[in-house]
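Participant: Sharing a structure, written as structure tokens. Questions coming.
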Amino acid sequence: MNADGRELEALADAPLDMLDLEVLRRLDALVDAVDPVPAGLVERIGIALTVEALHAEVAELHLVGEAAGAVRADETSIEAGTITFTTDVLTVMVSVHPEGDRLRVDGWAAPAGLLTVELHQHGDVVVTSSNADGRFSFSDVERGPARFVLRRPAEPTVPIVTPQIEL
Amino acid sequence: MMSDEVVGPVEAGLRDQEQGLALRAAHAVLAYRAGDRAPLAELVEVMTPLLWHTVRAQGADPEQAQDVVQNVWLTLVRDIETIRDPRATLQWMLVTARRAAWRTVRRSRDELVRQQQDETVTDWLAAPLDQLPDVVAVRDERDRALWRHVRELPERCRQLLGLVATVDRPDYAVVSRSLGMPVGSIGPTRGRCLAKLRQALTSDPTWSLV
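These protein sequences, in sequence, are chains Y and B.
Position 2, counted from 1, in the first sequence is what this note's numbering calls 1414; the numbers after and before it change by one each time, with no gaps.
Position 64, counted from 1, in the second sequence is what this note's numbering calls 91; the numbers after and before it change by one each time, with no gaps.
This is how it looks when you write it as structure tokens:
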């Protein structure tokens, strides 16, 4: 074994020191800069896990019209105007209006009736209720991937979950 | 109860941080089974970067890698009742991610061969610095030297060091093991990959002079 090889063996068998940790710390920053985790990935996984947790009880809605479902944040956002979801038991229409940097989301569910409506976004949940006409609204909403979960008073444990859309 | 053996109720979060991702994952699995989904949601945040780099290191493109990482999490939740030793969760997820990435990459390579195109396999952490899209993180000559020498390491060492760098000390062994590297590849001793890098850096004047 030559001198370099012996030196390498000695280095390899020695315990980690402060300089090693500094090297790894710098490398971590470089790896993150060179190959960053895509924006929105953590949020999308969070939403997918939320839906998965509800899965046994989910009536999946189908999107009618514009194919805005399952849009990734790294693709061009679809400026959602009006989107309609439908299942056997419920039809939901959602329209999105810009308000400065934020959004207002107006919705209408039929057949008309009181519903609990949850907006799942970035791992957070905002809850509102529809009025007797089936209308509901969320203001001060951030742009990004989102999903609605609607619960009927008659069957509170069977939520209706929409596909993910890009607001 | 099992959860008391792994993480006590007092200051569990703080101890998790000191004891690394493996223990946080164990705690999250046990909590999830007990009906508390919050620790798993936190785990997604702190562990997704490691999974991302693990999958990218296998050569998956960004689009594929996002699907693979999301599927690893979904698989964990679907199989969560069947995990026998929650302390092995991190290792299991890393191995699952690596295999899934490898399958995805192999499929798309087959596809490329069928279409008679050139292979465009990502060689992880091997791009020259001036070709990188974002070199903002390169603060000084030391970073430049470090990157140059990392690029020159054998692929296995690049993978090991790049992934170990992403985690804290308690998880070095799990990351090494999940790459099929011998236990103790890094920590408590330096191991051959880090030793090679140290040797290269020490003999590089741009690194040692600063």
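No residue lacks a Cβ here, since even glycine has one placed at the ideal position from N, Cα and C.
Since I1495 (chain Y) is in the beta strand (DSSP E), which residue starts that stretch and which ends it?
Facilitator: T1494 to T1498
Participant: In whole angstroms, what is the alpha-carbon distance linking L1420 (chain Y) and L221 (chain B)?
Facilitator: 10 Å
Participant: Under a three-way DSSP split, which group does D94 (chain B) fall into?
Facilitator: helix
Participant: On the three-state DSSP scale, how would you describe L224 (chain B)?
Facilitator: helix
Participant: Among B:Q85, B:W234 and B:T81, which has the Cα closest to the Cα of V132 (chain B)?
Facilitator: B:Q85
Participant: Between the region 100–112 of chain B and chain Y, which residues of the former have a C-beta closer than 8 Å to a C-beta of the latter?
Facilitator: The residues in question are W100, L101, V104 and R105.
Participant: Could you give the distance in angstroms between the alpha-carbon of R225 (chain B) and the alpha-carbon of P1448 (chain Y)?
Facilitator: 25 Å
Participant: First and last residue of the alpha helix (DSSP H) that includes P66 (chain B)?
Facilitator: A65 to A84
Participant: What is the DSSP secondary structure of V1435 (chain Y), counted as helix, strand or coil?
Facilitator: helix
Participant: Measuring straight from C-alpha to C-alpha, what distance separates V1539 (chain Y) and D1552 (chain Y)?
Facilitator: 13 Å
Participant: Starting from D170 (chain B), follow its DSSP beta bridges and name the residues at the other end.
Facilitator: Paired residues: none, contrary to the question.
Participant: Can you give me the Cβ contacts of A128 (chain B) inside the same chain, cut-off strictly under 6 Å, excluding the 5 residues immediately before and after it?
Facilitator: So the qualifying residues of the chain are V82, Q85, A87 and V95.
Participant: Pull up the distance between the alpha-carbon of M208 (chain B) and that of P1427 (chain Y), whole angstroms please.
Facilitator: Using only the alpha carbons, I get a separation of about 18 Å.
Participant: Among all the DSSP beta bridges, which residues are the ones paired with M1505 (chain Y)?
Facilitator: Answer by DSSP bridge pairing, in chain order: Y:T1496 and Y:W1520.
Participant: Roughly how many whole angstroms lie between the Cα atoms of Q186 (chain B) and L1562 (chain Y)?
Facilitator: 45 Å
Participant: Would you say M1430 (chain Y) touches the ligand GDP, meaning its beta carbon is less than 7 Å from a heavy atom?
Facilitator: Looking at this structure, you won't find the ligand GDP or any other ligand, since it has none at all.
Participant: Hey, does V201 (chain B) have any beta-carbon neighbour from chain Y nearer than 8 Å?
Facilitator: Not one chain Y Cβ lies under 8 Å of V201 (chain B).
Participant: If you draw a straight line from the C-alpha of L77 (chain B) to the C-alpha of L190 (chain B), how long is it?
Facilitator: Per the coordinates, the alpha-carbon of L77 (chain B) lies some 7 Å from the alpha-carbon of L190 (chain B).
Participant: Which bits of chain B does E1449 (chain Y) rub up against, with CB to CB less than 7 Å?
Facilitator: Per the sequence presented here, residue 1449 (chain Y) reads as Val, with Glu not at that position. Ordered by position in chain B, the residues that pass the 7 Å Cβ test against V1449 (chain Y) are T75, P76 and W79.
Participant: Using a beta-carbon distance below 8 Å, is T132 (chain B) in contact with chain Y?
Facilitator: Note that residue 132 (chain B) is Val in the sequence shown here, rather than Thr. Closer than 8 Å: no.
Participant: Relative to the alpha-carbon of A1544 (chain Y), which residue among Y:G1556, Y:A1524, Y:R1555 and Y:Q1533 has its alpha-carbon at the smallest distance?
Facilitator: Y:A1524
Participant: Starting from E182 (chain B), trace the alpha helix (DSSP H) in both directions and tell me its first and last residue.
Facilitator: E182 to V191
Participant: Provide the residue(s) that pair with T109 (chain B) in DSSP beta bridges, ordered along the chain.
Facilitator: Beta bridge pairing from DSSP links T109 (chain B) with no other residue.
Participant: What are the boundary residues of the beta strand (DSSP E) that V1539 (chain Y) is part of?
Facilitator: Start and end: D1536 to S1541.
Participant: On the DSSP letters alone, give me the boundaries of the alpha helix (DSSP H) that S235 (chain B) sits inside.
Facilitator: P232 to S235
Participant: Rounded to the nearest angstrom, how far is the Cβ of V1396 (chain Y) from that of R1564 (chain Y), given a contact under 8 Å?
Facilitator: Lying outside 1413 to 1579, the shown extent of chain Y, residue 1396 (chain Y) is not represented and no answer is given.
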